[in-house]
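In this note's numbering, the protein residues as written are 462 to 950.
So, in structure tokens, the structure goes:
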């Protein structure tokens, strides 16, 4: 083989590998996300089945409060870390400043809880809250490692970092269940052990797999720069996490622990149903950043985005149709008749948010790529105000159902705002939603009307959905060819 032929072969090989890198990244991201979602799913149902509603609601409420607090203290720097890493910013300085910040913020959270002990009705509640807070603190320390691996697009290593905690939790809960030792206290201790294992794995992989230096020492200029960069999106972070978890917290304050159990159960199932967002999000964000960073004409990337939106909405609506069709019977079977009927309407309302979350994720990524943080902030603040206002009005009257309706109202407002203010032709991205959503509604309602048997409905609903997609021309092979021409593959 001549040097020219060898060079041509190498060029062809590199081109093929680059062309298929998107699929390799999606595969790695999918593997870890599917494992995490599957293990979290089993863990979630074991806890819901073996803990009473009061205990299950209490532990979910505590975790919601801690997640909200730690996210706010993180200042929203996680996405900025991905962005800076993808653009080749000095990783050692980034890690040093970021790790020290989460260490300081986590310590502040623990100190606040220690000083607020008088707010707890019993020492048992304070003990559980403290143990879970320590668990959240240790998990908080893993974020810099994960976000830098994400920005480097090392999704295989990111996968190992991400699955450790859920693996330990799932194994521990199974053992505790078999030994009849599953209590709120034992679950809290287990979560702390899982977080410690996750931190150890993240630090080891960061140092030896990514071959990056661990330098968490304090550097005032670097830390000041981190805070300064984060401040413009601090409002976004605060409002965004409150949109996601304020309803849980308000249900706990305004109603009962049992109502928190119902709402958190339905909401967590909804989160499981939209897990493809978690798969595609880490993969697409660096690509969308580069796509819009290298071209002035936004319409060049529009065909790829329209294709992604259409596929994502097809998947989201399909999952919603199937889950709602067999909800009550399946959930009652898995939870010993605790949550089937009491959460059926809650999950149906939340399911309408699924397609909107996919759209909003794309809109957010586009604005983030353009560094339009003011637009994102305005959108999140508006969503937050609508959501909180609806919660305060509806939860006292309708309990957890009011929270679900408030969340849906916020999602609708967010989509409408992004569609109006994002620098793309919003009509092209909204068109698949307006076409696919009616198909999903018909595919859900018609089998309910035609069949009394649940198994027949579960077969008829997805078959009808796929048939309507083909008949209406929503899936066409030529669309894939157009997508490949955009350069995102």
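Where a beta carbon is used, it is the ideal one built from N, C-alpha and C, also for glycine.
Three-state secondary structure assigned by DSSP to residue i
i: residue 625; result: helix
i: residue 866; result: helix
i: residue 886; result: coil
i: residue 788; result: helix
i: residue 936; result: coil
i: residue 615; result: coil
i: residue 497; result: helix
i: residue 914; result: coil
i: residue 723; result: helix
i: residue 735; result: coil
i: residue 860; result: coil
i: residue 717; result: coil
i: residue 603; result: coil
i: residue 513; result: coil
i: residue 470; result: No answer about residue 470 holds up, because its pLDDT of 49 lies below 50 and its placement is not dependable.
i: residue 875; result: helix
Span separating the alpha-carbon of residue i from that of residue j
i: residue 723; j: residue 783; result: 20 Å
i: residue 617; j: residue 551; result: 22 Å
i: residue 817; j: residue 511; result: 33 Å
i: residue 901; j: residue 827; result: 27 Å
i: residue 629; j: residue 658; result: 8 Å
i: residue 821; j: residue 814; result: 10 Å
i: residue 681; j: residue 626; result: 32 Å
i: residue 469; j: residue 702; result: Low local confidence applies: a pLDDT of 48 at residue 469 is under 50, so the model's placement there is unreliable, with the coordinate-based value given in what follows. If I take the Cα positions, the gap works out to 51 Å.
i: residue 853; j: residue 536; result: 26 Å
i: residue 648; j: residue 912; result: 42 Å
i: residue 615; j: residue 560; result: 19 Å
i: residue 879; j: residue 825; result: 8 Å
i: residue 775; j: residue 926; result: 9 Å
i: residue 530; j: residue 921; result: 44 Å
i: residue 903; j: residue 624; result: 38 Å
i: residue 874; j: residue 670; result: 43 Å
i: residue 789; j: residue 805; result: 6 Å
i: residue 780; j: residue 734; result: 6 Å
i: residue 619; j: residue 547; result: 15 Å
i: residue 865; j: residue 720; result: 12 Å
i: residue 692; j: residue 935; result: 43 Å
i: residue 596; j: residue 656; result: 5 Å
i: residue 843; j: residue 704; result: 10 Å
i: residue 885; j: residue 577; result: 48 Å
i: residue 796; j: residue 772; result: 32 Å
i: residue 877; j: residue 558; result: 37 Å
i: residue 610; j: residue 502; result: 25 Å
i: residue 917; j: residue 810; result: 23 Å
i: residue 685; j: residue 622; result: 28 Å
i: residue 845; j: residue 830; result: 22 Å
i: residue 606; j: residue 574; result: 26 Å
i: residue 521; j: residue 716; result: 14 Å
i: residue 833; j: residue 549; result: 21 Å
i: residue 792; j: residue 513; result: 16 Å
i: residue 847; j: residue 870; result: 7 Å
i: residue 881; j: residue 778; result: 24 Å
i: residue 872; j: residue 928; result: 29 Å
i: residue 906; j: residue 923; result: 12 Å
i: residue 883; j: residue 819; result: 15 Å
Whole-angstrom C-beta distance between residue j and residue i, which should lie under 8 Å
i: residue 604; j: residue 539; result: 6 Å
i: residue 849; j: residue 707; result: 6 Å
i: residue 643; j: residue 637; result: 4 Å
i: residue 414; j: residue 507; result: Past the edges of the chain, shown from 462 to 950, lies residue 414, and the structure says nothing about it.
i: residue 570; j: residue 534; result: 6 Å
i: residue 542; j: residue 555; result: 6 Å
i: residue 675; j: residue 667; result: 7 Å
i: residue 639; j: residue 504; result: No, residue 639 and residue 504 are not in contact; Cβ-Cβ is about 14 Å, not under 8 Å.
i: residue 589; j: residue 645; result: 6 Å
i: residue 718; j: residue 519; result: 5 Å
9 Å Cβ cutoff, residue i in contact with chain D
i: residue 611; result: The displayed structure is made up of one protein chain only, and chain D is not part of it.
Practice problem: Report yes or no: do the region 600-620 and the region 645-664 share at least 3 C-beta pairs separated by less than 8 Å? | Solution: Verdict: yes, contact present.
Quiz item: For the region 634-709, which segments carrying the alpha helix (DSSP H) assignment without a break, of at least 4 residues, lie completely within its bounds, in sequence order?
Solution: Listed in chain order, they are 645-669, 681-691.
Self-check item: Contact between the region 682-697 and the region 834-847 (3+ Cβ pairs under 8 Å)
Solution: The count of Cβ pairs closer than 8 Å, one atom from the region 682-697 and one from the region 834-847, reaches three, so the stretches are in contact.
Quiz item: Curious, which full-length alpha helix (DSSP H) runs of at least 4 residues does the region 527-585 contain?
Solution: List check, alpha helix (DSSP H) in window: 538-547, 552-576.
Quiz prompt | Minimum length 4: unbroken alpha helix (DSSP H) runs contained in the region 791-850 | solution = Segments of the alpha helix (DSSP H) lying fully in the region 791-850: 801-812, 814-830.
Quiz item: Are there three or more Cβ pairs, one per stretch, closer than 8 Å when the region 713-729 is compared with the region 795-807?
Solution: Cβ pair count under 8 Å is three or more, so yes.
Exercise. Taking 8 Å as the threshold, find out whether the region 765-774 comes into contact with the region 884-899 through three or more Cβ pairs.
Key: Verdict: yes, contact present.
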